[in-house]
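There are 2 protein chains.
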Amino acid sequence: MPGQQDKEPIVIPKPTLDRLKLYHRLLNEIEQKYISSDEIAQRVGTNAEQVRKDLTYLKTTGKPKVGYDVAQLRQELEELFGVKKTTKVILVGAGHLGSALVNYPGFANYGIEIVAVFDNDPRKIGMFIGELSILPMKDLARVIKRFRVEIGIICVPKDSAQQVADILVSNGIKGIWNFTPARLVVPDDVFVVDEDMSQSLLTLKHFLEMKKQKMQESQRG
Amino acid sequence: MPGQQDKEPIVIPKPTLDRLKLYHRLLNEIEQKYISSDEIAQRVGTNAEQVRKDLTYLKTTGKPKVGYDVAQLRQELEELFGVKKTTKVILVGAGHLGSALVNYPGFANYGIEIVAVFDNDPRKIGMFIGELSILPMKDLARVIKRFRVEIGIICVPKDSAQQVADILVSNGIKGIWNFTPARLVVPDDVFVVDEDMSQSLLTLKHFLEMKKQKMQESQRG
DNA sequence: TAGATTGTTAATCGATTAACAATC
DNA sequence: TAGATTGTTAATCGATTAACAATC
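These protein sequence lines map, in sequence, to chains A and B. For the first sequence, my numbering begins at 1 and goes up steadily by one. For the second sequence, my numbering begins at 222 and goes up steadily by one.
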């Protein structure tokens, strides 16, 4: 294939990637055929220049005076994020949070299917969460192999998190979605996304602190 | 108070703020009396220069050859994030996720206390989640006033989210922790933290897509 | 054609990293 | 004192914004 040089490792910057997710969400909410960079910008709260810049990372190009083809853009973003490919996922930790996640209706929209739930509490084994029966940890290897699972969700108590991560990794899991506050140590080729709620909480509290300070200042001043 | 000019609106940049949270977490895990910028850096995965730069936003200063006073740093960060002040919070939406949050043991560590749970499903009213009885929405105003609540957690279905947000705002709530994928429209003085799980999920799926592509390329190349 | 909107280059901004003097 | 570590200034890097020619 001469001429065409298609071997550039185009890495999309993280901030851009985050905005692309917002665009993707927006595109799923609208019905029109075309949309301009300016309209996208207004609806997600950024500016048109940035939208256009971001979209240069995609193959889709817009038409002057018309805008971007919504369906095309949507499709390319779906491919980028792998939305359409169903990803099979297992979940470890059948507590309140685990149950909430198993029952979370939003996952289907993003091509996520939880195929099994594990727990190490013998009393929970065999109980059901939705349609899934809770399995003992010893079945983990078998299930991962059988369904070719690549992602594991951890929602166990903090102190067991690393141990569970080790087990997942040793069974070939390549992506971990960590709902505990533990910082997991994993090999380089395993990707961890932390869903650390206490951190969000600190953000919220910090904001309120700032606000109070400002009010006090303006009273003084 | 002449001489001293204490009226600078020092705004800590968001990236710095996020790292300060990591330092705070680290400081709670260690026992030594002093810690160097280099050690902090290594343990949270950044570099010493950045740690020192970040810490210039605080009052605490380090000692050459010794490092930073752990207790002092910890205390200042706790103040910054308002960890010690107990913040009373209400939660709307007594589903699986709501129950998980009410039972989440981590909140207490960060000075968060959920004082009431609301739902609009008449069948749920009066049922208990942990020690809290589920209240009808009509009690919301009273509870907010009585406990001087400033933060509301929303974990209702997406389509009701905006409506709930409006109710919270009109009752004086100043911070919203939003567990739905809805984008909330609120006045400028209300702060929203989105805990959008589908977004994290996209990050995870994107990573796996990239990884597969890379593997395919290296096979071809 | 005239006008709107894209795509891209250049300028700006802000955050990170490097370097080093100050100091315990 | 000598050496380690801080605090700060300057250089670098990367992302955002502005500007404008290309084009439908």
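We put the CB at the ideal spot given by N, CA and C, even for glycine. Every value quoted in this text rests on a predicted model; they were computed, and no experiment measured them.
Flag residue i as yes if its beta-carbon sits less than 8 Å from any beta-carbon of chain A, otherwise no.
| i | result |
| --- | --- |
| leucine 425 (chain B) | yes |
| glutamine 225 (chain B) | Legend: pLDDT at glutamine 225 (chain B) = 37, less than 50; position of this residue unreliable, value from coordinates given subsequently. With 8 Å as the cut-off, glutamine 225 (chain B) does not count as an interface residue toward chain A. |
| glycine 283 (chain B) | no |
| leucine 318 (chain B) | yes |
| lysine 242 (chain B) | yes |
| glutamate 252 (chain B) | no |
| lysine 432 (chain B) | yes |
Sort the options by Cα distance to residue i and report the nearest one.
| i | options | result |
| --- | --- | --- |
| threonine 424 (chain B) | A:Leu202, A:Asp194, A:Thr203, A:Phe207 | A:Asp194 |
| lysine 14 (chain A) | B:Lys435, B:Phe428, B:Leu301 | B:Phe428 |
| glutamine 153 (chain A) | A:Gly126, A:Ile129, A:Asp159, A:Phe118 | Checking the displayed sequence, the identity of residue 153 (chain A) turns out to be isoleucine instead of glutamine. Checking every option, the nearest Cα to that of isoleucine 153 (chain A) belongs to A:Phe118. |
| alanine 165 (chain A) | A:Arg52, A:Lys63, A:Ile90, A:Leu201 | A:Ile90 |
| asparagine 324 (chain B) | B:Ile350, B:Phe412, B:Arg273, B:Arg367 | B:Ile350 |
| lysine 211 (chain A) | B:Gln434, B:Thr282, B:Phe302 | B:Phe302 |
| aspartate 189 (chain A) | A:Gly106, A:Ser170, A:Ala182 | A:Ser170 |
| leucine 238 (chain B) | B:Leu279, B:Asn330, B:Ala321, B:Gly332 | B:Leu279 |
| aspartate 453 (chain B) | B:Lys366, B:Pro378, B:Leu322, B:Phe328 | Since the first and last residues shown for chain B are 222 and 442, residue 453 (chain B) lies out of range. |
| valine 313 (chain B) | B:Gln434, B:Asn399, B:Val291 | B:Asn399 |
| isoleucine 365 (chain B) | B:Thr308, B:Ala329, B:Gln384 | B:Thr308 |
| leucine 247 (chain B) | A:Ala182, A:Asp54, A:Ile151 | A:Ala182 |
| threonine 282 (chain B) | B:Ser258, B:Glu250, B:His317, B:Phe412 | B:Ser258 |
| phenylalanine 107 (chain A) | A:Lys85, A:Ala94, A:Gly126 | A:Lys85 |
| leucine 298 (chain B) | B:Asp275, B:Thr401, B:Gln271 | B:Asp275 |
| tyrosine 331 (chain B) | A:Glu217, A:Gln213, A:Gln199 | A:Gln199 |
| phenylalanine 412 (chain B) | A:Glu209, A:Lys65, A:Arg123 | A:Glu209 |
| arginine 344 (chain B) | B:Ala315, B:Ile372, B:Pro326 | B:Ala315 |
| tyrosine 34 (chain A) | A:Tyr68, A:Ile151, A:Cys155 | A:Tyr68 |
| leucine 422 (chain B) | A:Ile151, A:Gly172, A:Gln213 | A:Ile151 |
Residues of chain A with CB under 8 Å from residue i, in chain order?
| i | result |
| --- | --- |
| glutamine 349 (chain B) | It should be noted that the sequence gives phenylalanine, not glutamine, for residue 349 (chain B). Simply none; closest approach about 14 Å. |
| leucine 429 (chain B) | Gly82, Thr87, Glu150, Ile151, Lys174, Gly175, Phe191 |
| tyrosine 255 (chain B) | Chain A residues near tyrosine 255 (chain B): none, gap ~22 Å exceeds 8 Å. |
| leucine 238 (chain B) | Thr203, His206 |
Answer with yes or no whether the minimum CB distance from residue i to chain B is below 8 Å.
| i | result |
| --- | --- |
| alanine 161 (chain A) | no |
| lysine 65 (chain A) | no |
| lysine 124 (chain A) | no |
| alanine 100 (chain A) | yes |
| proline 181 (chain A) | yes |
| glycine 93 (chain A) | no |
| asparagine 103 (chain A) | yes |
| serine 198 (chain A) | yes |
| proline 13 (chain A) | no |
| methionine 1 (chain A) | Any reading at methionine 1 (chain A) must be qualified, since the residue scores a pLDDT of 37, below 50, and its modelled position is unreliable; no value is offered. |
| valine 169 (chain A) | no |
For a contact meaning CB atoms closer than 7 Å, what does residue i contact in chain B?
| i | result |
| --- | --- |
| methionine 215 (chain A) | Within 7 Å Cβ-Cβ: nothing; methionine 215 (chain A) doesn't reach chain B, min ~10 Å. |
To the nearest angstrom, how far is it from the Cα of residue i to the Cα of residue j?
| i | j | result |
| --- | --- | --- |
| aspartate 380 (chain B) | leucine 73 (chain A) | 25 Å |
| glutamate 8 (chain A) | valine 370 (chain B) | Bear in mind that the predicted position of glutamate 8 (chain A) carries a pLDDT of just 46, short of 50, making it unreliable; the figure below should be weighed with that in mind. So the alpha carbons of these two residues sit roughly 53 Å apart. |
| alanine 262 (chain B) | glutamine 253 (chain B) | 16 Å |
| glutamine 219 (chain A) | proline 408 (chain B) | 22 Å |
| asparagine 249 (chain B) | aspartate 417 (chain B) | 27 Å |
| lysine 205 (chain A) | valine 304 (chain B) | 8 Å |
| alanine 100 (chain A) | leucine 322 (chain B) | 10 Å |
| methionine 215 (chain A) | glycine 98 (chain A) | 41 Å |
| valine 185 (chain A) | lysine 174 (chain A) | 13 Å |
| leucine 168 (chain A) | glutamate 334 (chain B) | 34 Å |
| methionine 348 (chain B) | valine 232 (chain B) | 44 Å |
| alanine 116 (chain A) | glutamate 270 (chain B) | 45 Å |
| lysine 284 (chain B) | valine 272 (chain B) | 14 Å |
| threonine 180 (chain A) | histidine 317 (chain B) | 17 Å |
| phenylalanine 368 (chain B) | glutamine 383 (chain B) | 23 Å |
| glutamate 300 (chain B) | valine 66 (chain A) | 52 Å |
| alanine 292 (chain B) | glutamate 260 (chain B) | 16 Å |
| isoleucine 125 (chain A) | proline 105 (chain A) | 24 Å |
| cysteine 155 (chain A) | threonine 277 (chain B) | 36 Å |
| glutamine 213 (chain A) | isoleucine 251 (chain B) | 30 Å |
Can you name the residues of chain A whose CB is closer than 7 Å to the CB of residue i?
| i | result |
| --- | --- |
| leucine 422 (chain B) | Tyr110, Ile112 |
Which chain B residues sit within Cβ distance under 9 Å of residue i?
| i | result |
| --- | --- |
| glutamate 195 (chain A) | Glu416, Met418, Ser421 |
On the three-pair Cβ rule with 8 Å, is the stretch 125 to 140 of chain A touching the stretch 356 to 369 of chain B?
no
Looking at C-beta atoms only, is the number of pairs between the stretch 264 to 278 of chain B and the stretch 237 to 250 of chain B that lie closer than 8 Å three or more?
yes
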